[in-house]
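Student:
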Amino acid sequence: MAYGAGYYWTNISMAPSFSAALPFGLTAQEQNAWCYYGEELKQQIKLTIQLV
-17 MAYGAGYYWT NISMAPSFSA ALPFGLTAQE QNAWCYYGEE LKQQIKLTIQ LV
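Counting along the sequence shown from 1, when you hit position 23 you're at 5 in the numbering used here, and nothing is skipped either side.
1) Quick one: what's got a C-beta closer than 8 Å to residue 20's C-beta in the same chain, skipping five residues either side?
2) When you compare the CB positions of residue 33 and residue -6, do they come within less than 8 Å of one another, or not?
3) What are the boundary residues of the alpha helix (DSSP H) that residue 33 is part of?
4) What separation, rounded to the nearest whole angstrom, lies between the Cα atoms of residue -8 and residue 15?
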């Protein structure tokens, strides 16, 4: 999953597809805030570990 989008992995699990699309209309700083302070990154790491 390192270099692919989450929706490519829907045949294994539907979980990565939910966060495959970042919220649209955000600036780069807002996307970083969404990933890091909204704890989206932690959730993605947990899902990736479960799939591997």
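All C-beta atoms in this analysis are idealised placements derived from N, C-alpha and C, irrespective of residue type, glycine included.
Nothing here was measured: the structure is a model prediction, and the numbers come from that model.
Tutor: In this structure, then:
1) The same chain holds no residue with a CB closer than 8 Å to that of residue 20 once the five nearest residues on each side in sequence are set aside.
2) At the C-beta level, residue 33 and residue -6 come within 8 Å of one another.
3) Per DSSP, residue 33 belongs to the alpha helix (DSSP H) from 22 to 33.
4) When rounded, the separation of the alpha-carbon atoms in residue -8 and residue 15 is 26 Å.
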